[in-house]
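Quick notes on the structure that follows.
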Amino acid sequence: MLKILNTRIFFNLASHKSKYFFYKQMETINIKKEDNEAQVKISQEIHDENVEKRYNEIMSITSECIQPDELKLKLLQKRKLICYDGFEPSGRMHIAQGLLKSHIVNTLTNNGCTFIFWIADWFAQLNNKMSGDLNKIKKVGQYFIEVWKSCGMNMENVQFMWASDEINKNPDKYWSTVIDISRSFNINRIKRCLTIMGRTEGEDNYCSQILYPCMQCADIFFLNVDICQLGTDQRKVNMLAREYCDIKKIKKKPVILSHGMLPGLLEGQEKMSKSDENSAIFMDDNEADVNRKIKKAYCPPNVIESNPIFAYAKTIIYPHYKEFSLARKEKNGGKYVNKMCNHS
Numbered sequence: 334m335l336k337i338l339n340t341r342i343f344f345n346l347a348s349h350k351s352k353y354f355f356y357k358q359m360e361t362i363n364i365k366k367e368d369n370e371a372q373v374k375i376s377q378e379i380h381d382e383n384v385e386k387r388y389n390e391i392m393s394i395t396s397e398c399i400q401p402d403e404l405k406l407k408l409l410q411k412r413k414l415i416c417y418d419g420f421e422p423s424g425r426m427h428i429a430q431g432l433l434k435s436h437i438v439n440t441l442t443n444n445g446c447t448f449i450f451w452i453a454d455w456f457a458q459l460n461n462k463m464s465g466d467l468n469k470i471k472k473v474g475q476y477f478i479e480v481w482k483s484c485g486m487n488m489e490n491v492q493f494m495w496a497s498d499e500i501n502k503n504p505d506k507y508w509s510t511v512i513d514i515s516r517s518f519n520i521n522r523i524k525r526c527l528t529i530m531g532r533t534e535g536e537d538n539y540c541s542q543i544l545y546p547c548m549q550c551a552d553i554f555f556l557n558v559d560i561c562q563l564g565t566d567q568r569k570v571n572m573l574a575r576e577y578c579d580i581k582k583i584k585k586k587p588v589i590l591s592h593g594m595l596p597g598l599l600e601g602q603e604k605m606s607k608s609d610e611n612s613a614i615f616m617d618d619n620e621a622d623v624n625r626k627i628k629k630a631y632c633p634p635n636v637i638e639s640n641p642i643f644a645y646a647k648t649i650i651y652p653h654y655k656e657f658s659l660a661r662k663e664k665n666g667g668k669y670v671n672k673m674c675n676h677s
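This note's numbering puts the first residue of the sequence shown at 334, with every later residue one more than the last.
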């Protein structure tokens with residue numbers, strides 16, 4: 334699929350050069366020790382080159398980090414960090430869930446992290462995915478796992494955990510956390526998180542959908558997560574977890590690493606839609622499907638902002654191929670090669 338994209342995607346894409354922003358220094362921060370008697374000072378320049386390298390590589394896959402200084406501190410602890418992403422098994426897997434996610438996971442596991450996929454089967458049922466049929470939801474979850482295995486994801490430090498199974502192993506711990514979170518925030522604060530489900534605050538929501546953000550927040554503490562690595566569309570509930578830490582004075586606050594959402598292929602689509610077949614490239618699309626969708630995609634000449642083709646190039650093609658070549662007639666400039674290895 335990558336080869337198909339690489340040969341078809343760039344027929345009218347303008348050249349664009351950018352670079353990673355490497356973090357050479359960080360502000361001095363003070364962190365209270367567990368006994369609250371001493372303080373540890375992190376100097377402006379971190380001398381551990383390995384930590385700096387890991388930090389830069391991890392930052393290269395994120396569009397937002399909350400907070401960078403906390404991430405560097407965790408890396409200095411020289412232990413495997415636990416990263417997690419939860420997903421609802423629902424429908425076909427699109428290219429962002431497949432190839433983009435594989436690149437993100439590989440980057441994290443190559444830099445000393447363990448990645449947990451929280452297969453949110455009960456959450457999908459709460460959100461009425463697959464008409465709430467748990468058996469169908471589980472089959473779709475297995476399909477997702479097999480696609481990831483086949484598209485280049487390194488499974489050595491990856492764990493797949495089914496939410497229903499793990500919660501049933503320790504229900505007291507999980508549900509007591511859910512209850513405590515629900516008691517810590519008012520209904521308006523929880524409703525602001527409903528966008529994580531693709532819902533809006535103003536909708537006539539079921540009670541189950543109000544429960545959903547409290548459960549997703551509880552997942553983070555149930556799994557003892559260091560890093561929440563989800564899309565920017567999940568930011569609100571991840572911030573809810575950090576607020577909960579402040580309320581309860583929990584010292585281990587999760588770092589949020591959010592990746593940007595890959596836009597839909599059609600004009601004005603901020604994210605891909607599974608309900609619109611022409612909006613996304615799916616992992617099981619054949620070559621003809623990919624060609625047709627790319628040819629119909631919104632790609633105005635010399636425009637990079639809000640250009641889905643450029644977004645595909647930056648997030649899907651370059652991490653794998655580092656360049657693309659474009660065959661053009663001589664009157665149109667001849668053969669064109671772009672080696673945009675570094676991008677932000």
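Note that beta-carbon positions come from the ideal geometry of N, C-alpha and C, so glycine has one too.
Assuming residue i contacts residue j (C-beta within less than 8 Å), just tell me the rounded distance between them.
| i | j | result |
| --- | --- | --- |
| Glu391 | Asn444 | Note that residue 391 corresponds to Ile in the displayed sequence, not to Glu. That belief holds up - the Cβ atoms of Ile391 and Asn444 are roughly 6 Å apart, short of 8 Å. |
| Asn460 | Glu421 | 6 Å |
| Leu598 | Ser612 | 6 Å |
| Pro587 | Cys550 | Going by Cβ atoms, the distance from Pro587 to Cys550 rounds to 10 Å, so no, they are not a contact pair. |
| Leu680 | Trp451 | The structure shown does not extend to residue 680, since the chain spans only 334 to 677, so no value can be given for it. |
With distance defined between alpha-carbon atoms, name the residue in the options nearest to residue i.
| i | options | result |
| --- | --- | --- |
| Asp552 | Asn460, Val491, Ile428, Ser509 | Ser509 |
| Phe477 | Gly424, Gln602, Leu573, Cys416 | Gly424 |
| Pro652 | Thr440, Arg522, Glu382, Asn490 | Thr440 |
| Arg522 | Lys471, Asp566, Lys506, Ala574 | Ala574 |
| Gly601 | Ile642, Asp617, Ile543, Lys506 | Ile642 |
| Glu489 | Val473, Gly474, Ile449 | Ile449 |
| Asp513 | Pro504, Asn665, Tyr577, Glu603 | Tyr577 |
| Asp454 | Leu408, Lys472, Lys664, Ser639 | Lys472 |
| Glu382 | Glu403, Leu409, Phe615 | Leu409 |
| Ala429 | Glu656, Lys647, Tyr654 | Lys647 |
| Asp566 | Val636, Glu397, Asn389, Cys540 | Glu397 |
| Lys482 | Ser517, Lys434, Pro504 | Lys434 |
| Lys462 | Leu432, Gln542, Tyr388 | Gln542 |
| His427 | Lys626, Asn389, Ser515 | Lys626 |
Taking DSSP as the reference, what is the three-state secondary structure of residue i?
| i | result |
| --- | --- |
| Thr447 | strand |
| Lys672 | coil |
| Asp566 | helix |
| Ile589 | strand |
| Gly666 | coil |
| Ile614 | coil |
| Glu378 | In this predicted model, Glu378 has a pLDDT of only 41, less than 50, meaning its place in the structure is not dependable enough to derive any value. |
| Phe420 | strand |
| Glu385 | helix |
| Leu527 | helix |
| Ile637 | coil |
| Cys398 | strand |
| Ile580 | helix |
I'd like the list of long-range same chain contacts for residue i, defined as Cβ closer than 8 Å, with 5 residues on each side in sequence excluded.
| i | result |
| --- | --- |
| Arg661 | Gly667, Lys668, Tyr669 |
| Glu663 | none |
Skipping 5 residues on each side, what residues in its chain have a beta carbon closer than 6 Å to that of residue i?
| i | result |
| --- | --- |
| Met548 | Val511 |
| Lys366 | Note that Lys366 scores a pLDDT of 41, beneath 50, so its modelled location is shaky and nothing firm can be said. |
| Val558 | Ile415, Tyr417, Pro587 |
| Leu563 | Asp418 |
| Asn345 | Reliability of the predicted coordinates at Asn345 is poor, the pLDDT of 35 falling under 50, and the value obtained from them is presented with this limitation in mind. So the list reads Cys632, Pro634, once near-sequence residues are dropped. |
| Ile500 | Tyr507 |
| Leu590 | Thr395, Cys398, Ile560, Gln562 |
Counting only the same chain and skipping the five closest in sequence on each side, list residues whose C-beta sits under 7 Å from that of residue i.
| i | result |
| --- | --- |
| Ala644 | Leu595, Pro596 |
| Gln458 | Gly465, Leu467, Ile470 |
| Phe554 | Thr510 |
| Val570 | Cys526, Ile529, Pro546, Gln549, Cys550 |
| Ala496 | Trp451, Ile452, Ala453, Asp454, Trp455, Phe456 |
Unbroken stretches of the beta strand (DSSP E), 3 residues or longer, contained in the region 434 to 500: 446 to 452, 491 to 495
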